[in-house]
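K.L.:
Number of protein chains: 2
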Amino acid sequence: MEQLERLGIRAREAETSLRLLTTEKKNQVLHQAADDLQKNARQILAENEKDMENGRKNGMSAGLLDRLALTEERIRQIALGLRQIAALDDPVGEVIGMKKRPNGLLIGQKRVPLGVVGIIYEARPNVTADAFGLCFKTGNAVILKGGSDAIHSNTAIVDSLRQSLKDCQVNPDALLLITDTSRETTRAFMKLNRYVDVLIPRGGAGLIRSVVENSTIPVIETGTGNCHVYVDETADLSMAADIILNAKTQRVGVCNACESILVHEKVKEQLLPVLGKRLGDKQVEIRGDESVRSLIPEAVPATEEDWGQEYLDYIVSMKTVSSVDEAIAHINRYNTGHSETIVTDSYENAQKFLDLVDAACVYVNASTRFTDGFEFGFGAEIGISTQKLHARGPMGLLALTTTKYIIYGSGQIRS
Amino acid sequence: MEQLERLGIRAREAETSLRLLTTEKKNQVLHQAADDLQKNARQILAENEKDMENGRKNGMSAGLLDRLALTEERIRQIALGLRQIAALDDPVGEVIGMKKRPNGLLIGQKRVPLGVVGIIYEARPNVTADAFGLCFKTGNAVILKGGSDAIHSNTAIVDSLRQSLKDCQVNPDALLLITDTSRETTRAFMKLNRYVDVLIPRGGAGLIRSVVENSTIPVIETGTGNCHVYVDETADLSMAADIILNAKTQRVGVCNACESILVHEKVKEQLLPVLGKRLGDKQVEIRGDESVRSLIPEAVPATEEDWGQEYLDYIVSMKTVSSVDEAIAHINRYNTGHSETIVTDSYENAQKFLDLVDAACVYVNASTRFTDGFEFGFGAEIGISTQKLHARGPMGLLALTTTKYIIYGSGQIRS
């Protein structure tokens, strides 16, 4: 704990010094950091190989090993990511809504960094540079706690980035890595609310739950997505099938992929056999209610548990409903507040769905896969918030800022 | 816990039904609720008398008894508060920044209720109606947990409000009161993150700390204010003294009152004797460093603890500094992120103070006492946030809303 406190104090000090940097200076640092990562690629790859070896020894799955692996090309991509962040507009410093009060006070909200950001993530070393870039661009110091599986890779990347900061005469404590990856240290980190302004977990549902339950630092929940596509009775059925195929199969391991399909009973006879065939061609297992199974014989019975499941796999649950209201009620009961789509040609049902479905992103006639900072035009993404406070949906640079009121007076006192 | 879960489920159901109410309907309910509170004044006063009697029996301080007491006039004020909320613009439903993406998707952010708001507060029955009014106007269901000292008053007020909801054909579970005021129930309430979207504690530092440490529901921290006035070397000293007197003594028990004064050493000989006299006339005890005590003989020695203290009393700490930088560093070390003022005629130092002081509200040449939703022109206030996520500074109706992305497509899929 004492060691963590010292880290916290160092991050706070760095944060204060970051407030003085111009956007020009921050961009210079980001370009330098990108150059240095590519220059240091050989060392970084050697350290990554240690993690890979451990991973293989410990029986890590092929999918996880792929996420952990770095290559020259991936390091080039990571460096490119930092250059892209440099190219984005700096949101810090903007003053919003400045107005004069009747007593002459001029009051406005100035956009400022959050301060110190904590990020807890799993075995994806690319997050290390990415999180630094986004936090640094917005003037935040960042404390990273990566997974033990990627500790060598993360340390090598952080060493390179901190050296770039030093070379640019910036306090290198703008980026700190917790190298002790024990569970106790992680728990203690979550209690560091005196020094850390926000904690963002990036990883699976278990990690996120643990952070929500244990953190005294304000948390931004990201990621879990039990996303639905509802096909209304008035839908263009070929559009519906295309959207479902895209939302389910374009990439299955991501939070904005479709996990559950609702079909209005009036179109089930036309649509379900087509869906059964097309999803089957893509090796998607369908878990359906009785009505679905009567039209898709390959479907297996869905259990109550299936409706709340985020599979992240070639599996989908499927159900028929008798109205848009039933669809909305089902979604609001089982969803995780991520992304939901209605396919419809009814103006009334489209508006109702947009109004009543409780989620970060609600679509009419489009794939849920668009829920993404880049697709939304933010040029970057720190995660997708599924909570309601502060930021909801894809989070770009703005989500890493807060505001403070600045007030210009001329001697006003309150009577 | 089971009972609390049932409350949570009822609040969620009510929340869903509130989404369908028009602003007109919500305003009608608020007026009805105001009328009914005045109509039921006699019963409410009788119940309040029970709380007062218990308070007197239990040796409650005069200050707390005064906060607990209701009168015909106070009930009239509470009803007036509801009518004022009815008169405010409804922020729900506004769509912000709707733009067309290159692929034709039309993406915008719609302002929506947070959902279910939890409020934990102490013995101030006026908060009961006030919190209901603000939450209801923004389409939120609210679960209240008031102090045991005010349980009879709160129950009577809630009964009246719920009856008004029923009479207007609105689900009365839009307002729920936890009547079991035990510590265990309070703790369990803080874990109700499945049903409650945000928890707002309103009360003393102890209550707020307990909520931050125990809640799994996202919290908005409110209230603690160790506010500073810094008098720069170029200050108009008579303006400085007026601002200090106002910030310290206009009302001492509030979070935006000044608790600590910093004076540039170049003006200390002129200013401190005046301050000593004027604060002394108002019975303010001064706790000073050596340099202060050499000019104000009545001042007692300040300890390290004093610099971080929120007195909420006729006490102030006072210190001299040798530069604006020292003042800023001192403030950023000891403040609670509430409200800070510089009195200066230096453009450079004013800008530096606004840029570098880390607080919700940073003033030049004005009293800290203006940090208030009404003074800022919001027409209402749910509290003053001293944290950085979601809302910072005085919170009006907007702070009780979130956004969701709404996306209009025409069959877009991701490639």
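In order, the protein sequence lines correspond to chains A and B.
Residue 92 in full-length UniProt numbering sits at position 92 of the first sequence, and the numbers go up by one each step.
Residue 160 in full-length UniProt numbering sits at position 160 of the second sequence, and the numbers go up by one each step.
Where a beta carbon is used, it is the ideal one built from N, C-alpha and C, also for glycine.
When you compare each of Glu298(B), Val324(B) and Ser323(B) to Ser317(B) by their alpha carbons, which one comes out closest?
P.N.:
Residue Glu298(B) is the option with its Cα nearest to Ser317(B).
K.L.:
With 8 Å as the threshold, decide whether the Cβ of Ile406(A) is near any Cβ in chain B.
P.N.:
Yes, Ile406(A) lies at the interface with chain B (some Cβ there is under 8 Å from its Cβ).
K.L.:
Check the C-beta distance from Val263(A) over to Thr303(A) and give it rounded, since I have them as a contact under 8 Å.
P.N.:
Wrong, their Cβ atoms sit about 19 Å apart, outside the cutoff.
K.L.:
State yes or no: is the beta carbon of Ser367(A) nearer than 8 Å to at least one beta carbon in chain B?
P.N.:
Taking Cβ atoms only, chain B reaches closer than 8 Å to Ser367(A), which makes this a yes.
K.L.:
With a cut-off of 8 Å on the beta carbons, I'd call Leu114(A) and Thr402(A) a contact; round off their distance for me.
P.N.:
So it is a contact: roughly 5 Å between Cβ atoms.
K.L.:
Flag Tyr1(A) as yes if its beta-carbon sits less than 8 Å from any beta-carbon of chain B, otherwise no.
P.N.:
This sequence places Met at residue 1(A); Tyr is not what is there. No, Met1(A) does not count as interfacial toward chain B.
K.L.:
From this set, Asp289(A), Ala156(A), Ala34(A) and Ala62(A), which residue's C-alpha is nearest Gln43(A)'s C-alpha?
P.N.:
Ranking Asp289(A), Ala156(A), Ala34(A) and Ala62(A) by Cα distance to Gln43(A) puts Ala156(A) first.
K.L.:
Three or more beta-carbon pairs under 8 Å between the segment 235 to 247 of chain A and the segment 353 to 371 of chain A, yes or no?
P.N.:
Counting Cβ pairs under 8 Å, three or more are found: they touch.
K.L.:
Hey, does Leu400(B) have any beta-carbon neighbour from chain A nearer than 8 Å?
P.N.:
Closer than 8 Å: no.
K.L.:
For the segment 103 to 128 of chain A, which residues have a beta carbon sitting closer than 7 Å to at least one beta carbon of chain E?
P.N.:
Of the protein chains in the structure, A and B, none is chain E.
K.L.:
So Ile410(A) contacts chain B; which residues on that side make the cut at Cβ distance below 7 Å?
P.N.:
First, the residue type needs correcting, since residue 410(A) is Ser and not Ile in the sequence shown. The answer, in chain order, is Asn365.
K.L.:
Identify the residues that DSSP records as bridge partners of Leu175(A): which are they?
P.N.:
BP columns for Leu175(A) point to Val142(A).
K.L.:
Once you ignore the five residues that flank Gly379(B) on each side, which residues in its own chain have a CB closer than 6 Å to its CB?
P.N.:
Correct list, in chain order: Leu88.
K.L.:
Please list, in chain order, the chain B residues whose beta carbon lies closer than 9 Å to that of Arg19(A).
P.N.:
Ordered by position in chain B, the residues that pass the 9 Å Cβ test against Arg19(A) are Asp355, Leu356 and Asp358.
K.L.:
Show which residues of chain A have a CB atom less than 9 Å away from the CB atom of residue 490(B).
P.N.:
Here chain B covers residues 1 to 415 and nothing more, so residue 490(B) does not appear.
K.L.:
On the criterion of 16 or more Cβ atoms from any shown chain inside 10 Å, does Gly206(A) qualify as buried, or is it exposed?
P.N.:
Answer is exposed; the Cβ neighbour count stays below 16.
K.L.:
Using a threshold of 8 Å, state whether the C-beta atoms of Ala129(A) and Ala14(A) are closer than that.
P.N.:
Contact: no.
K.L.:
How far does the alpha helix (DSSP H) with Pro273(B) in it extend, from its first residue to its last?
P.N.:
From DSSP, the alpha helix (DSSP H) with Pro273(B) extends over Lys268 to Asp281.
K.L.:
Could you tell me which of Val112(B), Ala69(B), Arg111(B) and Val92(B) sits nearest to Val127(B), measuring between CA atoms?
P.N.:
Cα-wise, what sits closest to Val127(B) is Ala69(B).
K.L.:
Report yes or no: is there a C-beta of chain B within less than 8 Å of the C-beta of Cys227(A)?
P.N.:
So, not an interface residue.
K.L.:
Taking the continuous alpha helix (DSSP H) assigned at Val292(B), which residues delimit it?
P.N.:
Counting along the chain, the alpha helix (DSSP H) containing Val292(B) begins and ends at Glu290 to Leu295.
K.L.:
Below 8 Å between beta carbons is the criterion; list the residues of the segment 192 to 220 of chain B that meet it against any residue of chain A, in chain order.
P.N.:
Hits within the stretch, in order: Asn193, Asp197, Val198, Val212, Glu213, Thr216, Pro218, Val219 and Ile220.
K.L.:
Name the residue from Ala360(A), Asp173(A) and Ser215(A) whose alpha carbon lies nearest to the alpha carbon of Gly185(A).
P.N.:
Here the sequence assigns Thr to residue 185(A), which means Gly is not the residue at that position. The candidate whose alpha carbon is nearest that of Thr185(A) is Ser215(A).
K.L.:
How is Val254(A) classed by DSSP in three states: helix, strand or coil?
P.N.:
Val254(A): coil per DSSP, three-state reduction.
K.L.:
What residue range is occupied by the uninterrupted beta strand (DSSP E) comprising His390(B)?
P.N.:
Looking at the DSSP string, His390(B) is not in any beta strand (DSSP E), and its letter there is neither H nor E.
K.L.:
Could you tell me the alpha carbon to alpha carbon distance between Gly8(B) and Ile151(B), rounded to whole angstroms?
P.N.:
Going from the Cα of Gly8(B) to the Cα of Ile151(B) covers about 20 Å.
K.L.:
If the criterion is Cβ atoms closer than 8 Å, does the pair Arg392(A) and Ala360(A) meet it?
P.N.:
Going by C-beta atoms, Arg392(A) is nearer than 8 Å to Ala360(A).
K.L.:
Rounded to whole angstroms, what is the Cα-Cα separation between Gly63(B) and Lys50(B)?
P.N.:
Rounded to whole angstroms, Gly63(B) to Lys50(B) spans 18 Å at the Cα level.
K.L.:
According to DSSP, simplified to helix, strand and coil, what is Cys168(A)?
P.N.:
If DSSP states are grouped into helix, strand and coil, Cys168(A) belongs with coil.
K.L.:
Grab me the residues of Asp197(B)'s own chain with a C-beta within less than 6 Å of its C-beta, minus the 5 sequence neighbours each way, in chain order.
P.N.:
Excluding sequence neighbours, Asp197(B) sits near Leu114, Gly115 and Val116.
K.L.:
So, Ser182(B) versus Asp36(B), is the Cβ gap smaller than 8 Å?
P.N.:
No, the Cβ-Cβ distance between Ser182(B) and Asp36(B) is not below 8 Å.
K.L.:
Can you find a CB in chain B that lies within less than 8 Å of the CB of Arg101(A)?
P.N.:
Yes, Arg101(A) counts as interfacial toward chain B.
K.L.:
Using only CA atoms, which one of Leu279(B), Tyr347(B) and Lys100(B) lies nearest to Tyr408(A)?
P.N.:
When only C-alpha atoms are compared, the closest one is Tyr347(B).
K.L.:
Does the pairing of the segment 372 to 386 of chain A with the segment 326 to 343 of chain B give three or more beta-carbon distances under 8 Å?
P.N.:
Cβ pair count under 8 Å is below three, so no.
K.L.:
Can you tell me which of the three DSSP states Tyr334(A) falls into?
P.N.:
Helix at Tyr334(A).
K.L.:
Can you give the Cα-Cα distance for Val267(B) and Asn226(B), rounded to whole angstroms?
P.N.:
Their backbone Cα atoms lie some 23 Å apart in a straight line.
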